[in-house]
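Mapping of the sequence shown onto our numbering: residues 45 to 403, in sequence order.
All C-beta atoms, glycine included, are put in the ideal place defined by N, C-alpha and C.
One structure is given below, encoded as C-alpha cells.
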Amino acid sequence: MATIYNFNPGPAVLPKSVLDRAQKEFQNYPGLGYSIMEASHRGKQVVQIFAETEKKLLSLMGLGDQYRALFLQGGATMQFIQIPMNFLGAGKKADYIDTGMWTSKAIKEGKRYGGVNVLFSGKDANYTALPDLKKLAYSPDAAYTWMCSNNTIFGTQYRELPDVKNPLISDMSSDILSKRLDFGRFGIIFAGAQKNLGPSGVTLVVIRKDLLDRCNPELPELLSYKGQAENDSMVNTPPVFGVYLMGLMLDWIAGEAGGLAAVEKRNEQKAGLLYGAIDGSQGFYKCPVVAKDRSLMNIVFTLPDEDKTALFVKEAEAAGFVNLKGHRSVGGIRASIYNAMPVEGCEKLAAFMAAFAKR
Ligand SMILES: *Cc1c(COP(=O)(O)O)cnc(C)c1O
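Pasting the structure below:
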C-alpha cells in the first residue's frame, strides 16, 4: 500500500513514533502491569503523568512558575464559554478581534456574560486578511483581549501580537507549539488538543497565575480555573489518555523533532512548498489570503471551477493525499500541515499539484 498523507484539519495526523510508543505501552503501562486507561486518576502514575506533562509544556513554552497548565474537557469551544464565565459579568466588557468562524462563535458566547467590544471584523472581506494590530482602538478597561492566532478555516495566521495591558487571550487550537513565540505575552492560551497536541478529548488551558484570583468566585469548582488549578485538573475524572498522549507529543517535539526552533523551520519549509506550488501555477491555483497573513498550518486554495476541485480531491485521494477538501463553509481545498506532517508529504503534494495543473 502507498503511503497515506493525512491533511485533515483536526483531529489530525500524529507522529508515527508517538503512535508506536502508545501502542507499545497500551496494554501494560511501564511499572503498572495494566493499561493507563484502566488506572485510577488518583494513583501515582496518572498523577505523575499530569504533573510531568504540565512541566514539559511550560518548559517548551519558556514559561516559569507564574503559569499553570490545566487539562480540561469540552474542547476549545467550551473555552469560548468558560473564559467569559470566569472573567466577564454585569458591568464588565472584553475586546474581541473577529478573524473567522471560531472568533465569531466566541463573540456570540461572550455576549451571554457581559459586554463584547468587537475591535475588528474581517467578515466583509471573507476573513481573507488580519487587521493591523497597531491600529485597533483597544479599551483600556477591558477584562481581556481575545484573539485567535491561527484561523484554521480561512488559513490566516498572525505574525505579530497586540500590545495590550489587559490579559491577552489566544485561541491557539491550530498553531500551538508550531513555532517559537513569546508565550509570556499571554494571560491565557488555550487549545483543543486534536490539531497539534494529541487526540481529541483534552483541552489545554495555560493561564497566568494572577488571573486565578480574578475568577468569578460564584462558579462551581468544575468551571472555575481557580477550582481546577487547586485540584490539579482533577475536580472530576480527567481525560487521562489524552493527557498521556499529549505528554508523548511533547517528548516528540522536544526530542525527535528537535525543539521549537527546528519545528518552526520545518513548518516554514512545508508551507513554502505548498504556497510555491500555488504561486507557481500561473493562476491555476489561487490562495485567497493576503500574502502577509498566510498560515503556515492551514494552506487554503481554490481551483478554476467546482468540477476541477472535485477531480483534484478525487485524484489526490487515489494518490494517497487524503482529507484535502476545504471547510464546508468556504469550499475549495485546504491542506492542514501541522507539526506531525512530514516535509516529504508537502514535497509530494506540491509535485502532485504541479502535475495535476499541467494535465
Ligand atoms: C478546531 C478549532 C476549534 C474548535 O475546537 P473543539 O475542540 O472542537 O471545540 C476552536 N478554535 C480553533 C482555532 C480551531 O481550530
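Kindly give me the distance between the Cβ atoms of residue i and residue j, rounded to whole angstroms, as I take these residues to be in contact under 8 Å.
i	j	result
G154	P128	4 Å
A235	A120	6 Å
L347	F328	7 Å
S165	M341	Rounded, the Cβ-Cβ distance is 22 Å, inconsistent with contact.
K369	I377	7 Å
A138	Y188	5 Å
G291	I48	Incorrect: roughly 26 Å between the Cβ atoms, too far for contact.
N194	S339	6 Å
Tell me which residues share the same chain as residue i and place their Cβ nearer than 6 Å to its Cβ, disregarding the 5 neighbours each side in the sequence.
i	result
G54	Q238 and K239
N260	N130
T147	C192
V333	T172, G199 and T200
K314	I381, V387 and C390
Considering only the alpha carbon of each residue, which of the options lies closest to residue i?
i	options	result
S61	T281, P386 and L317	P386
G364	L393, A321 and F115	L393
V250	E262, G370, D276 and G77	D276
D257	I93, Y111, L102 and A46	Y111
G135	K330, R378 and Y157	Y157
S244	Q117, R338, P74 and G389	Q117
N170	A395, T143 and I80	T143
K373	G87, V90, R229 and M145	First, the residue type needs correcting, since residue 373 is Ser and not Lys in the sequence shown. Looking at the Cα atoms, M145 is the closest of the given residues.
M397	A384, N383, K358 and D64	K358
R252	E312, Y182, G75 and L212	L212
G25	D168, L205 and T97	There is no way to answer for residue 25, as the model of the chain reaches only from 45 to 403.
K100	L241, H371 and G87	L241
From which residue to which residue does the beta strand (DSSP E) around residue i run?
i	result
M191	T189 to C192
V160	G159 to S165
V250	T247 to R252
N344	Sequence inspection shows Val at residue 344; the Asn mentioned does not correspond to that position. It spans N342 to F345 - the beta strand (DSSP E) in which V344 sits, taken as one unbroken run.
K137	K137 to D142
D215	L212 to D215
Y111	Y111 to L116
A379	I377 to S380
A235	I232 to G236
Are there any heavy atoms of ligand 1 lying less than 7 Å away from the beta-carbon of residue i, as far as the coordinates show?
i	result
A384	no
T196	yes
G236	yes
W190	no
A120	yes
D215	yes
S277	no
S218	yes
K239	yes
G54	yes
W296	no
Which residue marks the beginning of the alpha helix (DSSP H) containing residue i, and which one marks its end?
i	result
G271	Y269 to E274
D185	Segment: none, D185 is in no alpha helix (DSSP H) and carries neither H nor E.
F198	From DSSP, F198 is part of no alpha helix (DSSP H); its letter is neither H nor E.
A173	No alpha helix (DSSP H) contains A173, which DSSP labels as neither H nor E.
F94	K88 to L104
M145	M145 to G154
V208	It is not in any alpha helix (DSSP H) - V208 carries neither H nor E in the DSSP assignment.
D351	E350 to A362
N311	G303 to D323
Enumerate in chain order the residues of its own chain whose CB-to-CB distance from residue i is below 8 Å, with the five nearest sequence positions on each side excluded.
i	result
D207	L177 and K178
E300	P59 and S61
T281	H85
D254	Q110
G324	A398
Sorted by chain position, which residues of the same chain lie with C-beta nearer than 7 Å to residue i's C-beta, five sequence neighbours on each side aside?
i	result
N210	A186, A187, Y188 and T189
F115	F94, V246, L248, S277, P282, P283 and V287
F345	I322, Y329, K330, C331, G376 and I377
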